[in-house]
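Numbering-wise, our numbering puts 311 at position 29 of the sequence shown, and it's gapless, one number per residue.
All C-beta atoms, glycine included, are put in the ideal place defined by N, C-alpha and C.
What follows is a single structure, written as C-alpha cells, with notes after it.
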Amino acid sequence: MWGSYYNDLLGWGFGCCHTTTKNSMCSGEKGKKEALMREVRRNRKILNNILRFKLVFSLKKYKEKKKRDEEIKKAKEISTLEK
Ligand SMILES: [Zn+2]
C-alpha cells in the first residue's frame, strides 16, 4: 500500500518493499533489503562527511590555538627583555 512507508529523505513509499517510486514494480522482500542497504550506505556516507568536517574543523582550531600560544610566548619574551 502506497504511503505505508516513510523515508526522511526519499519521502513516502510502499511498506511491502520500501520502494519510494510510486509507479515502480513491487520488488518484495529483496527490494526491502536493498532499500535498507542503500539507506545504511547513505547514512554511513553522511556520517563520514560529518566526521571529516569535524576533523578538519578541530585541526584548524588546533592550529589557530598553537599560533596564538606562540604569539603569547613571543610577547612574554619581548616583555621580559624590555624589563
Ligand atoms: Zn512492494
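message: In whole angstroms, give me the CA-to-CA distance for K304 and G295.
response: Residue 304 sits at position 22 when you count from the first residue of the sequence shown. Residue 295 sits at position 13 when you count from the first residue of the sequence shown. Their Cα atoms are separated by approximately 7 Å.
field: E352 versus K358 - alpha carbon distance
entry: Position 70 of the sequence shown, counted from the first residue, corresponds to residue 352. Position 76 of the sequence shown, counted from the first residue, corresponds to residue 358. Going by the C-alpha atoms only, they are around 10 Å apart.
query: Secondary structure at N289, three-state DSSP: helix, strand or coil?
result: The sequence position of residue 289 within the sequence shown is 7, counting from 1. Here N289 sits in strand by DSSP.
message: On the CB-based measure, 16 or more other CB atoms within 10 Å of its CB, does T362 come out buried or exposed?
response: One-based indexing of the sequence shown puts residue 362 at position 80. Classification of T362: exposed, given that the 10 Å Cβ count is below 16.
query: With a CB to CB cut of under 7 Å and the five nearest residues on each side skipped, what residues in its chain are close to G293?
result: By 1-based counting over the sequence shown, the position of residue 293 is 11. Result list for G293: T302, in chain order.
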